[in-house]
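Colleague: Protein chains in written order, with the working numbering: chain A, 33 to 144; chain B, 4 to 118.
First the structure, which I've put down as structure tokens, then a few questions once you've had a look.
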């Protein structure tokens, strides 16, 4: 049981490039989340999903897109990277009967 | 609107001394309250939660937290700090009447435990 896994661990992008951050969970959780963590700012919710085929915007969705074709996977796409997207990105999941979120190890993204 | 505040950016404590990390919240209705810990280069890990019942909640690694409804606080405590407790601690809140996605995290408090 690996929990929540994220790839890559680190990435450097040039302005205007695109990339997909991968997130997979093996706990059969319905809820999945993407957060970004900026220094001194806590976690901000980017997108979330309540089940396969269902996604919705969080607090800071601009510049990102998501899809949820399976229960296990919840990739986050950056289409036109900007320096403001330099951050650490965390994926999390939660079962339907618990309020505890399980976090992945994070992806550190730098946009230059 | 929901909000959570962690008034201290950093807390310093000597090993063996008690520690407190403060958290206050604002939410409509009854709150679900959480503490998470983040070690360097790791994701957040769940420590404890308050849903209902006893105001003193016990969690992992000897931590506990006290829910105080009148002061809208949920301070994290430990009777005797360890150097290994040094980490970043996040308080989080969700209103009972909101959906499962609306958990708001505080900005975090960095705890330093000195040997």
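Backbone N, C-alpha and C define an ideal beta-carbon position, used for all residues, glycine too.
Note that the structure is a prediction, hence the values are computed from the model and not measured.
Tell me where the beta strand (DSSP E) around residue 98 of chain B begins and ends.
Modeller: First-last of the beta strand (DSSP E) with residue 98 of chain B: 90-98.
Colleague: Taking Cβ positions, are residue 40 of chain B and residue 90 of chain B nearer each other than 7 Å?
Modeller: The answer is yes: Cβ separation under 7 Å.
Colleague: So for residue 7 of chain B, helix, strand or coil by DSSP?
Modeller: It is a strand residue.
Colleague: Mapping the DSSP letters down to three states, classify residue 115 of chain A as helix, strand or coil.
Modeller: It is helical.
Colleague: So with Cβ pairs under 7 Å, would you call residue 132 of chain A a contact of chain B?
Modeller: So yes, residue 132 of chain A belongs to the interface.
Colleague: Please name the residue in B:20, B:94 and B:116 whose C-alpha comes closest to that of residue 52 of chain B.
Modeller: That would be B:94, whose Cα lies nearest to the Cα of residue 52 of chain B.
Colleague: For residue 73 of chain B, name the three-state secondary structure that DSSP assigns.
Modeller: DSSP places residue 73 of chain B in coil when its eight states are reduced to three.
Colleague: Taking 7 Å as the CB-CB cut-off, is residue 113 of chain B touching chain A?
Modeller: No, its Cβ sits nowhere closer than 7 Å to a Cβ of chain A.
Colleague: To which residues of the same chain is residue 40 of chain A closer than 7 Å at the C-beta, ignoring the five residues directly before and after it?
Modeller: Result list for residue 40 of chain A: 139, in chain order.
Colleague: Indicate whether residue 98 of chain A and residue 121 of chain A have their beta-carbon atoms separated by less than 7 Å.
Modeller: Cβ atoms of residue 98 of chain A and residue 121 of chain A: not closer than 7 Å.
Colleague: With a threshold of 16 other CB atoms inside 10 Å of the CB of residue 73 of chain A, please say whether the residue is buried or exposed.
Modeller: Label assigned to residue 73 of chain A: exposed.
Colleague: I want to verify the contact list: residues of chain B whose CB lies under 9 Å from the CB of residue 108 of chain A, in sequence order.
Modeller: Near residue 108 of chain A there are no residues of chain B at all, since even the closest Cβ is about 15 Å away, more than 9 Å.
Colleague: Residue 77 of chain A and residue 63 of chain A look like a contact to me (Cβ under 8 Å); what is the Cβ gap, rounded to whole Å?
Modeller: Not confirmed; about 12 Å, so no contact.
Colleague: If the cut is a Cβ gap below 8 Å, which residues of chain B does residue 144 of chain A touch?
Modeller: The premise fails here: residue 144 of chain A is roughly 21 Å from chain B at the closest Cβ pair, so nothing lies under 8 Å.
Colleague: At least one CB of chain A closer than 7 Å to the CB of residue 62 of chain B: is that the case?
Modeller: It does not: the Cβ of residue 62 of chain B has no partner Cβ on chain A nearer than 7 Å.
Colleague: Residue 92 of chain A lies in the beta strand (DSSP E); which residues open and close that run?
Modeller: From DSSP, residue 92 of chain A is part of no beta strand (DSSP E); its letter is neither H nor E.
Colleague: For residue 123 of chain A, which of A:53, A:43, A:47 and A:44 has the nearest alpha-carbon?
Modeller: The candidate whose alpha carbon is nearest that of residue 123 of chain A is A:53.
Colleague: With 7 Å set as the bound, which would you pick, yes or no: does the beta-carbon of residue 141 of chain A sit closer than that to a beta-carbon of chain B?
Modeller: Answer no: the Cβ-Cβ gap between residue 141 of chain A and chain B never drops below 7 Å.
Colleague: List, in order along the chain, the chain A residues whose C-beta lies closer than 7 Å to that of residue 110 of chain B?
Modeller: Near residue 110 of chain B (Cβ distances below 7 Å), the residues of chain A are 72, 73 and 74.
Colleague: Excluding sequence positions up to five away, which residues of its chain have a Cβ less than 8 Å from the Cβ of residue 134 of chain A?
Modeller: For residue 134 of chain A, where only same-chain residues beyond five positions count, the Cβ hits under 8 Å are 35, 36, 57, 59, 61, 124, 125 and 126.
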